[in-house]
Amino acid sequence: MHIVQHYITHPCFCNCRLWDLRSNKIVHTLETKSPVTSAEVSQDGRYITTADGSTVKFWDANHFGLVKSYDMPCSVESASLEPKLGNKFIAGGEDMWVRVFDFHTGEEIGCNKGHHGPVHCVRFSPGGESYASGSEDGTIRIWQIGPVTHEDNESVSGNGPSGKVKAVAEEVARNIEGFHIIKEGKTTDA
Numbered sequence: 001m002h003i004v005q006h007y008i009t010h011p012c013f014c015n016c017r018l019w020d021l022r023s024n025k026i027v028h029t030l031e032t033k034s035p036v037t038s039a040e041v042s043q044d045g046r047y048i049t050t051a052d053g054s055t056v057k058f059w060d061a062n063h064f065g066l067v068k069s070y071d072m073p074c075s076v077e078s079a080s081l082e083p084k085l086g087n088k089f090i091a092g093g094e095d096m097w098v099r100v101f102d103f104h105t106g107e108e109i110g111c112n113k114g115h116h117g118p119v120h121c122v123r124f125s126p127g128g129e130s131y132a133s134g135s136e137d138g139t140i141r142i143w144q145i146g147p148v149t150h151e152d153n154e155s156v157s158g159n160g161p162s163g164k165v166k167a168v169a170e171e172v173a174r175n176i177e178g179f180h181i182i183k184e185g186k187t188t189d190a
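Residue numbering for the sequence shown follows UniProt numbering, starting at 1 and increasing by one per position.
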């Protein structure tokens with residue numbers, strides 16, 4: 001699939017549409033049982049990830065067949081596939097947790113708690129070292145996948161799959177394009 005030639009929409013009913021930019025016509029429709037709340041094309045262009053109801057699905061982006069489908073422990077608002085290796089994915093939703101799953105088995109391999117409202121959006125950084133989650137509580141949280149330590153820099157704590165880890169704010173900001181991390185009560189020029 002050539003990303004520059006197609007785009008995806010997920011209207012309020014139970015499907016996800018792939019459109020051709022040149023003709024402005026629907027190329028294919030991905031049928032789901034519940035309304036699609038998020039859709040994402042993987043960085044390598046191989047998969048389309050959708051979240052609908054309490055299910056995360058992975059579709060072949062070239063032939064549009066369903067590759068994998070996993071039932072989640074709660075209603076899911078958003079899901080994202082790890083961009084580099086594609087061996088894990090994250091999902092967030094109504095239970096206010098962000099969960100990490102093994103892509104091949106669907107087994108939960110990590111869970112981060114910290115939001116005080118439903119999670120509406122989750123996305124991996126381009127390198128896959130961290131991810132962000134946005135919640136109805138008005139916060140965006142940045143989570144580290146593995147331990148990163150830089151003793152000379154100011155660090156923020158997070159709960160990762162291996163327990164409490166430290167992530168350097170400047171490092172995370174470089175890994176997630178478009179995010180500006182500031183201390184509470186201070187502003188920064190974008």
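For every residue, glycine included, the Cβ atom is placed at its ideal position computed from N, Cα and C.
With His28 as the anchor, note down where its beta strand (DSSP E) starts and where it stops.
On the sequence shown, position 28 is the one that residue 28 refers to. Under the DSSP assignment, His28 falls in the beta strand (DSSP E) whose first and last residues are Lys25 to Glu31.
Take His104 as the anchor and find which of His115, Arg22 and Gly86 has the nearest alpha-carbon.
Counted from its first residue, the sequence shown places residue 104 at position 104. Looking at His115, Arg22 and Gly86, the one whose alpha-carbon comes closest to that of His104 is Gly86.
Rounded to the nearest angstrom, what separates Val98 and Gly65 at their Cα positions?
Position 98 of the sequence shown, counted from the start, is the residue given in the question as residue 98. Position 65 of the sequence shown, counted from the start, is the residue given in the question as residue 65. In a straight line, the C-alpha of Val98 is about 27 angstroms away from that of Gly65.
Expressed to the nearest angstrom, what Euclidean distance is found between the alpha-carbon atoms of Arg141 and Leu30?
One-based indexing of the sequence shown puts residue 141 at position 141. One-based indexing of the sequence shown puts residue 30 at position 30. Roughly 31 angstroms separates the two Cα atoms.
Reduced DSSP category for Phe101 - H, G, I as helix; E, B as strand; rest coil
Residue 101 sits at position 101 when you count from the first residue of the sequence shown. Three-state result, Phe101: strand.
Using a threshold of 9 angstroms, state whether the C-beta atoms of Ser133 and Gly92 are closer than that.
For this step, residue 133 is matched to residue 133 along the sequence shown. For this step, residue 92 is matched to residue 92 along the sequence shown. Their beta carbons are under 9 angstroms apart, which means Ser133 touches Gly92 by this criterion.
Find the nearest neighbour of His116 within the set Val122, Ser23, Asp102 and Ser135, judged by alpha-carbon distance.
Indexing the sequence shown from 1 puts residue 116 at position 116. The candidate whose alpha carbon is nearest that of His116 is Ser135.
Proximity of Pro73 and Asp102 at Cβ, strictly below 9 angstroms
The sequence position of residue 73 within the sequence shown is 73, counting from 1. The sequence position of residue 102 within the sequence shown is 102, counting from 1. Asp102 is positioned such that its CB atom lies no closer than 9 angstroms to that of Pro73.
Looking at the unbroken beta strand (DSSP E) that takes in Glu108, where does it start and where does it end?
Residue numbering aside, residue 108 sits at position 108 when the sequence shown is read from its first letter. Per DSSP, the continuous beta strand (DSSP E) segment holding Glu108 begins and ends at Glu108 to Lys113.
When the distance is taken between beta carbons, is Ala51 closer than 9 angstroms to Ser23?
Here residue 23 refers to the residue found at position 23 when the sequence shown is read from its first residue. Here residue 51 refers to the residue found at position 51 when the sequence shown is read from its first residue. In this structure, Ser23 sits away from Ala51, with a CB-CB distance that is not shorter than 9 angstroms.
Which word fits Ile145, buried or exposed, when buried means at least 16 other C-beta atoms lie within 10 angstroms of its C-beta?
Start at 1 with the first residue of the sequence shown, and residue 145 comes out as number 145. It is buried - the Cβ of Ile145 has at least 16 other Cβ atoms within 10 Å.
Between Ser34, Lys33, Cys16 and Val36, which has its C-alpha nearest Val27's C-alpha?
Taking the sequence shown and counting its residues from 1, one reaches residue 27 at position 27. Ranking the options by Cα distance to Val27, first place goes to Cys16.
Among residues of its own chain, excluding the 5 on either side of Ile48, which ones have a beta-carbon nearer than 6 angstroms to its beta-carbon?
Here residue 48 refers to the residue found at position 48 of the sequence shown. Within its own chain, the residues whose Cβ lies closer than 6 angstroms to the Cβ of Ile48, once the five positions on either side in sequence are excluded, are Val41, Trp59 and Ala61, listed in chain order.
To the nearest angstrom, report how far apart Gly53 and Tyr70 are at their CA atoms.
Position 53 of the sequence shown, counted from the start, is the residue given in the question as residue 53. Position 70 of the sequence shown, counted from the start, is the residue given in the question as residue 70. Rounded to the nearest angstrom, the gap between the Cα atoms of Gly53 and Tyr70 is 11 angstroms.
Just to confirm, are Asp137 and Pro83 a CB contact at a threshold of 9 angstroms?
If you number the sequence shown from 1, residue 137 lands on position 137. If you number the sequence shown from 1, residue 83 lands on position 83. With contacts defined as CB atoms closer than 9 angstroms, Asp137 and Pro83 fail to qualify as a contacting pair.
Close-in-space but distant-in-sequence residues of the same chain around Val36 (CB under 6 angstroms, 5 per side omitted):
Residue mapping note: residue 36 aligns to position 36 of the sequence shown, counting from 1. Taken in chain order, the residues that qualify are His10, Cys16, Thr50 and Asp52.
Could you round the C-beta distance between Ile109 and Val100 to whole angstroms and report it? I think they count as a contact, below 8 angstroms.
Numbered from its first residue, the sequence shown carries residue 109 at position 109. Numbered from its first residue, the sequence shown carries residue 100 at position 100. Yes, they are in contact, since the Cβ atoms of Ile109 and Val100 sit about 5 angstroms apart, within 8 angstroms.
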